[in-house]
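There are 4 protein chains.
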Amino acid sequence: MITVGVVGYGYWGPNLVRNFGDLADVRVGAVADLEPARLATVQRRYPWIRTVARYEEVAHDPAVDAVVVASPASSHYEVALASLQAGKHVLVEKPLAATSEQAARLIDEATRRRLVLMVDHTFVYTSAVRRIKELIASDSLGDILYYDAVRTNLGLVRRDVNVLWDLAAHDLAIMDHILPRRPHTVSAVGFVHLPGTHEDIAYLTLLFENRALGHIHANWLAPVKVRRTLIGGSRRMIVYDDMEVTEKVKVYDRGTALDEGPDDVYEKLVAFRTGDMLAPRLDVTEALHLVAEHFVECVTHGRRPLTDGEVGLRVVTILEAATQSMADQGRPVSLKVSLGA
Amino acid sequence: MITVGVVGYGYWGPNLVRNFGDLADVRVGAVADLEPARLATVQRRYPWIRTVARYEEVAHDPAVDAVVVASPASSHYEVALASLQAGKHVLVEKPLAATSEQAARLIDEATRRRLVLMVDHTFVYTSAVRRIKELIASDSLGDILYYDAVRTNLGLVRRDVNVLWDLAAHDLAIMDHILPRRPHTVSAVGFVHLPGTHEDIAYLTLLFENRALGHIHANWLAPVKVRRTLIGGSRRMIVYDDMEVTEKVKVYDRGTALDEGPDDVYEKLVAFRTGDMLAPRLDVTEALHLVAEHFVECVTHGRRPLTDGEVGLRVVTILEAATQSMADQGRPVSLKVSLGA
Amino acid sequence: MITVGVVGYGYWGPNLVRNFGDLADVRVGAVADLEPARLATVQRRYPWIRTVARYEEVAHDPAVDAVVVASPASSHYEVALASLQAGKHVLVEKPLAATSEQAARLIDEATRRRLVLMVDHTFVYTSAVRRIKELIASDSLGDILYYDAVRTNLGLVRRDVNVLWDLAAHDLAIMDHILPRRPHTVSAVGFVHLPGTHEDIAYLTLLFENRALGHIHANWLAPVKVRRTLIGGSRRMIVYDDMEVTEKVKVYDRGTALDEGPDDVYEKLVAFRTGDMLAPRLDVTEALHLVAEHFVECVTHGRRPLTDGEVGLRVVTILEAATQSMADQGRPVSLKVSLGA
Amino acid sequence: MITVGVVGYGYWGPNLVRNFGDLADVRVGAVADLEPARLATVQRRYPWIRTVARYEEVAHDPAVDAVVVASPASSHYEVALASLQAGKHVLVEKPLAATSEQAARLIDEATRRRLVLMVDHTFVYTSAVRRIKELIASDSLGDILYYDAVRTNLGLVRRDVNVLWDLAAHDLAIMDHILPRRPHTVSAVGFVHLPGTHEDIAYLTLLFENRALGHIHANWLAPVKVRRTLIGGSRRMIVYDDMEVTEKVKVYDRGTALDEGPDDVYEKLVAFRTGDMLAPRLDVTEALHLVAEHFVECVTHGRRPLTDGEVGLRVVTILEAATQSMADQGRPVSLKVSLGA
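The structure is reproduced here in structure tokens:
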């Protein structure tokens, strides 16, 4: 039996409490939140859970084996560090920390104490992304030419981070998981709509060694919710649309080949191969259930998480560099040293 | 009665011949193309049209009043210049020319000779774009925050130009027409898939004085055809999807306002106003019919075209600067002098 | 404080328990279900709720004020009747009962005892249907010409009822609520795929006094989930698509008018007016929350429910007649006497 | 070289003239239409085609080998019969004739004179329908359980026929072509919106020997254009959506199997197999081009058309019986004798 403490019962916390609560041999022992109304909700729904205002009471609760950090991004480092220092395993919501230095410090702390440090890159655990990873790993797509993600909606402008840290973090986590290569350069441009806030709209570009491109459009000021990714391979291409109810992943048997025929007078056309489209069946397990299950398994058996601190660090490093680039009208920033690309 | 000569009977030429042929008081007198098979098609369909191989025979045909240039982009300048020098009015397919210098030279020539020089920015004449322009002009959208266009499909990789000159040119023409401001800086990154060709995928970013952003994703290597534009206003927002059969323009009564309430413990949310969505009825006249009609009217009555040489020059200037930026990993290029922004 | 007992914790029961549990001044006191595993789930989630196997223990529980019947359709009558006879107010899942005779008997019992009898026609409480009712009531659509509903998906073939009692019941409830007239005749054809089961696919047709048509396609054997209704008015028309995330209701400013011009040689065309399309903003309150709230309000203040026993009886009467018609290859069955149309 | 005469230059005639004109070894020699404006259009587009007002001049034109009948449905019989009697091969737009008696008479005439009689069931020649036929013929779908077609739009209410003869005729032609069995009974209900016109909305149901169902919703008064067919097989199911640009046919690897496990307390569920979805690549040849080509091939080589007079007669027979059924509130009408089902 593992006892989990959850820090933060805002947007994502309730889902975490529910999913950990549904696991066998796991109990949620304590929830911390600064807002009394939220704690009242916890008490009404789960009268047996201890509710506290300050996260320290969870971090130092002797009954707690592991802490789940679902507080605002700016507090991730402080809560996670205190929990690790108190000897708890830690699962942190994305992003792992607010700076790459903080992320590295958390990794050190966890390594030294032989504790599990996992970051909740939820999308990595979805059936859609798992299937896409299989397709890429089996070379079904051929060379990856580009990865283009659009993630837009109206609302939830956050005061503590810009839109990249909120929305693009998901796409960077997916790319880190499924792509065979790491980017060497990042650039980004953004738009601050309301004075005193961060960028609400941003475009982030990644360059890869083999000339491939990664691009993310993250937008809090869009009239419609879009979650749509194109992945171009030399052999096959994917449209991954997370707003679709069932056919989230579509694999197009389409590719290119240089036409070797005689030159056209006006233009030389590339020959395109167009074949069938296949939408594979995806299982319907809730991804967060798998996140919770995987974290508990890592804690129980001392395994390394699929989305460990290093993964979290790489994503934070790109976000940090992108934020720098945005401050400088889109100047490219090298990731070579930091990502070892 | 005006007699038109058409140079180039490839992809777009047949549509031009058909649309000019449908106008009253206009006849298509001659068509030039280097490919005999295409000329044979013209003769089968329109036995009365004179067909010639070389464009000079159209440019110097005394029966021809105006020349429509639908040859490959790299030849626009040469054909248009020769036609103007022979005293003909000229309608050029987009882009107006291959360089801003050439475009300026064509403007000079037309001005000096008091001839009409028009560029076929077809989308400007669609009912969708005309309606969007009305909405912006009437301040229905409020301040324009961003313009985001995606234009992708598989195929038709051109040898003579990169994907921006082919696809993004449409979006730049639309932006030039509907936006109240002009951009001061452009940057772009691109991906060359096949050695010896130009960029097949490119992302172009425009910065405007009031911090607004323009962004275009142009892509010849996508598995699906997308023609989708988001226009964010402070008061209303638009989704313009040209692949929709009837509801191409959707106006969302959505905007933002900084919430002045007490700070949330974790995050300060911006308040969003969400209201109805309206898809205005659009008329169904073929845009190219209006292009042809407008050109003939300008020729007949000596009017200045809506999409004159100056518009064509501005679009070419941005494309030229974007191509420079792409060659330099996305370094921002100033448009201040050239566009007078 | 009202105490509610819930009979049946299968597909819909958990949603009912959750929604009644979220209301102020309401507590769920007891849940009955024949399956021990389901009761175990109740106990894990809500340790304070009394769980019992037999519905009689809920019906006769002195602490219970009202019983919610979410057991299989074939048991609705028995459970509801016992509850009414024990002096409890009753909310029954649709359909109210398995026969019109049973439904009438329940109404009598409730009337005599002055108890609330409400049927959970959930869709009537959705923001989409409420908005459509407003549009029809305000004569925004003009005369209603037809109501066409498609409700298909794969799965959940029920043993105890045919597809009409399961799926078409929703559409009949909506029609009863929003249409100004009642049907006088029903016919239906169906298809039994698996021997020993009921119809999996059925088409139900309703005739109205003013010649208007109602039609429902209900299908458990479809590859895709469809929830799509067309409502044709002489002035405006509606597409109501419940699978859409946000734009569930689209109002088309389209209608007809007989063209009074000179006869065409070949065909006389009706003139169509086509205008804008408007998708009104819909609020996002969960409909079942409103159902629970409305039931509690009726119980507390002795009000007549919007979806009372009479409504439930009318829907059952049509389902009964349609089942008859299906058994007879689609022979029309008159509803005149029973519905008083 | 075959010379074709076309009677009727209204909605479909121009497409026929264009497609026959594009074939090698075929010339369009004459076009008849009662409207002078239409003939003027023919003359402007094709100055070499003889234009006449009366169809008899085409039917008796010695230069004409075959007559294409694209006049209104009510005149098909007269024009086709006169043409056959004048020794011409005949291609008739659907429906073949206004009554089954007329259709049978045309078949007799053609048979006796050894002339080709073909009906233009265009959809049979589309790549989508051809692919669906292959899938059914190869038993890829298993037993066909139902065929459900929706064909709606706003407009073009015809004076001479009801909506079934106009829209449902397409679906009946497709069903006749792809389904392994013929229906034995038809019923239909319809709605006449405007006095003095025919039904604008109709639902047609077909019963097959193996209990399978066919159903068509045809509607001229719908706010949106829908062309969507579900085909349910015991092994696989198809969604055929003709409004899709590229993925018109989607094959779902979904089927049913009676779950043989222990009875659930409340309901016995059928087990469903859900697998991948495949959208096969379809070629893009215009179907009408194949119609024209096939007709010319049949004329040239004396072949029997895929859509011969017998096919046309079967479709007319069903339409006739459905119209009867509509006049009688949906009473089922037997097709046994007439279709030999």
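Chains as they are written, first to last, in this note's numbering: chain A, 1 to 341; chain B, 342 to 682; chain C, 683 to 1023; chain D, 1024 to 1364.
Yeah, the Cβ is synthetic: ideal placement off N, Cα and C, and Gly gets one too.
All values derive from a computational prediction rather than experimental measurement.
Quick one: what's got a C-beta closer than 7 Å to Val632 (chain B)'s C-beta in the same chain, skipping five residues either side?
Working through the second sequence from its first residue, we reach residue 632 (chain B) at position 291. For Val632 (chain B), where only same-chain residues beyond five positions count, the Cβ hits under 7 Å are Asp461, Thr463 and Tyr466.
Using a Cβ-Cβ distance under 7 Å, would Gly1237 (chain D) count as near chain A?
As a working note, residue 1237 (chain D) is residue 214 in the fourth sequence. No, Gly1237 (chain D) does not count as interfacial toward chain A.
Beta carbon of Ile136 (chain A), beta carbon of Asp171 (chain A): below 7 Å?
The residue you call residue 136 (chain A) lines up with position 136 of the first sequence. The residue you call residue 171 (chain A) lines up with position 171 of the first sequence. Cβ atoms of Ile136 (chain A) and Asp171 (chain A): not closer than 7 Å.
Return yes when the Cβ of Ala427 (chain B) is within less than 7 Å of the Cβ of Ala400 (chain B), no when it is not.
Here residue 400 (chain B) is taken as the residue at index 59 of the second sequence, counted from 1. Here residue 427 (chain B) is taken as the residue at index 86 of the second sequence, counted from 1. A contact, by the Cβ cut-off of 7 Å.
In chain order, what residues of the segment 960 to 974 of chain C put their CB closer than 8 Å to some CB of chain B?
Here the close residues are Leu960, Ala961, Pro962 and Arg963.
Do Ala411 (chain B) and Leu357 (chain B) have their beta-carbon atoms positioned less than 7 Å apart in this structure?
Taking the first residue of the second sequence as 1, we reach residue 357 (chain B) at position 16. Taking the first residue of the second sequence as 1, we reach residue 411 (chain B) at position 70. It is a contact, given that the beta carbons lie within the stated cut-off.
Would Gln1011 (chain C) count as contacting chain D if we go by Cβ distances under 7 Å?
To locate residue 1011 (chain C), count along the third sequence from 1; it is residue 329. Cβ-Cβ to chain D under 7 Å: yes for Gln1011 (chain C).
Given this structure, state the Cα-to-Cα distance separating Leu339 (chain A) from Ala961 (chain C), to the nearest angstrom.
To locate residue 339 (chain A), count along the first sequence from 1; it is residue 339. To locate residue 961 (chain C), count along the third sequence from 1; it is residue 279. Spanning the two alpha carbons is a distance of roughly 47 Å.
Just tell me which of B:Pro413, B:Arg386, B:Arg368 and B:Pro521 has its CA closest to the CA of Trp309 (chain B).
Within the shown structure, residues of chain B are numbered from 342 to 682, placing residue 309 (chain B) beyond reach of any answer.
Could you check how far apart the C-beta atoms of Arg368 (chain B) and Thr344 (chain B) are, in whole angstroms? I think they sit under 8 Å.
Reading the second sequence from its first residue, position 27 is the one you call residue 368 (chain B). Reading the second sequence from its first residue, position 3 is the one you call residue 344 (chain B). About 5 Å separates the two Cβ atoms, so the contact holds.
Rounding to the nearest angstrom, what Cα-Cα distance links Arg105 (chain A) and Ser75 (chain A) in this structure?
For the purposes of this step, residue 105 (chain A) is taken as the residue at position 105 of the first sequence. For the purposes of this step, residue 75 (chain A) is taken as the residue at position 75 of the first sequence. Straight-line Cα distance between these residues: approximately 14 Å.
How would you write the range of the beta strand (DSSP E) that Lys566 (chain B) sits in, first residue to last?
Start at 1 with the first residue of the second sequence, and residue 566 (chain B) comes out as number 225. Here the beta strand (DSSP E) through Lys566 (chain B) covers Leu562 to Gly574.
To the nearest angstrom, how far is the alpha carbon of Lys268 (chain A) from that of Trp902 (chain C)?
Sequence index remark: in the first sequence, residue 268 (chain A) carries index 268 (1-based). Sequence index remark: in the third sequence, residue 902 (chain C) carries index 220 (1-based). Note that Lys268 (chain A) scores a pLDDT of 45, beneath 50, so its modelled location is shaky and nothing firm can be said.
Are any of the Cβ atoms in chain C nearer than 7 Å to that of Ser1161 (chain D)?
In the fourth sequence, residue 1161 (chain D) corresponds to position 138, counting from 1. Judged by the 7 Å Cβ criterion, Ser1161 (chain D) is not in contact with chain C.
For a quick check, are the C-beta atoms of Ala510 (chain B) and Lys566 (chain B) less than 7 Å apart?
The residue labelled residue 510 (chain B) in the question sits at position 169 within the second sequence. The residue labelled residue 566 (chain B) in the question sits at position 225 within the second sequence. Cβ distance not < 7 Å, so Ala510 (chain B) and Lys566 (chain B) don't count as in contact.
Beta-carbon of Tyr396 (chain B) versus every beta-carbon of chain A: anything under 7 Å?
For this step, residue 396 (chain B) is matched to residue 55 along the second sequence. By this cut-off, Tyr396 (chain B) is not an interface position.
If we define contact as Cβ-Cβ less than 7 Å, is Gly1228 (chain D) a contact residue for chain C?
Counting from one through the fourth sequence, the residue named residue 1228 (chain D) turns up at place 205. The sequence as given places Thr at residue 1228 (chain D); Gly does not occur at that position. For Thr1228 (chain D), the answer is yes, since a Cβ of chain C falls inside 7 Å of its Cβ.
Does the CB of Glu267 (chain A) have a neighbour CB from chain C at under 7 Å?
Taking the first residue of the first sequence as position 1, residue 267 (chain A) is located at position 267. Confidence in Glu267 (chain A) is poor, its pLDDT being 43 and thus under 50, which makes the residue's placement too unreliable to answer from.
Can you tell me whether Gly690 (chain C) is buried or exposed, with buried defined as 16 or more other CB within 10 angstroms of its CB?
Within the third sequence, residue 690 (chain C) is the residue found at index 8, counting from 1. Buried: at least 16 other Cβ atoms inside 10 Å.
In whole angstroms, what separates the C-alpha of Ala30 (chain A) from that of Thr246 (chain A)?
Residue numbering aside, residue 30 (chain A) sits at position 30 when the first sequence is read from its first letter. Residue numbering aside, residue 246 (chain A) sits at position 246 when the first sequence is read from its first letter. So the alpha carbons of these two residues sit roughly 36 Å apart.
In terms of residue numbering, what span does the beta strand (DSSP E) encompassing Phe890 (chain C) cover?
What you label residue 890 (chain C) is simply residue 208 of the third sequence in a count that begins at 1. Taken as a continuous stretch (DSSP letters only), the beta strand (DSSP E) holding Phe890 (chain C) covers Ile883 to Phe890.
Taking the C-alpha atoms as reference points, what is the distance between Asp1026 (chain C) and Ala969 (chain C)?
With chain C covering 683 to 1023 only, the question about residue 1026 (chain C) has no answer from this structure.
Residues of chain D with CB under 7 Å from Gly275 (chain A), in chain order?
In the first sequence, counting from the first residue as 1, residue 275 (chain A) sits at position 275. Within 7 Å Cβ-Cβ: Arg1304.
On the DSSP bridge list, what partners appear for Leu278 (chain A)?
Here residue 278 (chain A) is taken as the residue at index 278 of the first sequence, counted from 1. Per DSSP, A:Val251 and D:Leu1301.
Which residue from D:Val1274, D:Ala1086 and D:Thr1330 puts its Cα closest to that of Arg1115 (chain D)?
Numbered from 1 along the fourth sequence, position 92 holds the residue referred to as residue 1115 (chain D). Looking at the sequence shown, residue 1115 (chain D) is not Arg but Val. The residue with the shortest Cα to Cα distance from Val1115 (chain D) is D:Thr1330.
Using CA atoms only, rank isn't needed, just tell me which of B:Ile448, B:Ala439, B:Ser479 and B:Thr440 is closest to Ser424 (chain B).
For the purposes of this step, residue 424 (chain B) is taken as residue 83 along the second sequence, with counting starting at 1. The residue with the shortest Cα to Cα distance from Ser424 (chain B) is B:Ile448.
Hey, is the segment 132 to 146 of chain A in contact with the segment 315 to 334 of chain A, meaning 3+ C-beta pairs nearer than 8 Å?
Contact between the segment 132 to 146 of chain A and the segment 315 to 334 of chain A is absent, because fewer than three Cβ pairs lie under 8 Å.
Would you kindly work out how many angstroms separate the C-alpha atoms of Ile542 (chain B) and Ala668 (chain B), rounded to a whole number?
As a working mapping, residue 542 (chain B) is identified with position 201 in the second sequence. As a working mapping, residue 668 (chain B) is identified with position 327 in the second sequence. Approximately 13 Å between the Cα atoms of the pair.
I'd like to know if the segment 825 to 835 of chain C and the segment 909 to 916 of chain C are in contact, where contact means that at least 3 CB-CB pairs between them fall below 8 Å.
The segment 825 to 835 of chain C, when compared against the segment 909 to 916 of chain C, does touch it at the 8 Å Cβ threshold.
So the beta strand (DSSP E) Ala1055 (chain D) belongs to, where does it begin and stop?
On the fourth sequence, residue 1055 (chain D) is found 32 positions in, with the first residue counted as 1. Here the beta strand (DSSP E) through Ala1055 (chain D) covers Val1049 to Ala1055.
Could you work out which residues of chain C lie near Leu1168 (chain D), taking near to mean beta carbons separated by less than 8 Å?
In the fourth sequence, counting from the first residue as 1, residue 1168 (chain D) sits at position 145. By Cβ distance, chain C contributes Phe873, His875, Ile883 and Leu903.
On the criterion of 16 or more Cβ atoms from any shown chain inside 10 Å, does Arg645 (chain B) qualify as buried, or is it exposed?
The residue given as residue 645 (chain B) occupies position 304 in the second sequence. Answer is exposed; the Cβ neighbour count stays below 16.
Keeping to the same chain, check which residues put their C-beta closer than 8 Å to that of Ala1211 (chain D); ignore five residues upstream and five downstream.
Working through the fourth sequence from its first residue, we reach residue 1211 (chain D) at position 188. Cβ within range, chain order: Leu1187, Ala1225, Tyr1226, Leu1227, Thr1228, Ala1345, Thr1346, Ser1348, Met1349 and Gly1353.
How would you write the range of the alpha helix (DSSP H) that Thr452 (chain B) sits in, first residue to last?
For the purposes of this step, residue 452 (chain B) is taken as residue 111 along the second sequence, with counting starting at 1. Looking at the DSSP string, the run of the alpha helix (DSSP H) that includes Thr452 (chain B) is Ser441 to Arg454.
With distances taken from CA atoms, which of A:Tyr252, A:Lys248 and A:Pro36 is nearest Gly235 (chain A)?
Within the first sequence, residue 235 (chain A) is the residue found at index 235, counting from 1. Here the sequence assigns Arg to residue 235 (chain A), which means Gly is not the residue at that position. Cα-wise, what sits closest to Arg235 (chain A) is A:Tyr252.
Rounding to the nearest angstrom, what Cα-Cα distance links Gly824 (chain C) and Val966 (chain C) in this structure?
On the third sequence, position 142 is the one that residue 824 (chain C) refers to. On the third sequence, position 284 is the one that residue 966 (chain C) refers to. Spanning the two alpha carbons is a distance of roughly 28 Å.
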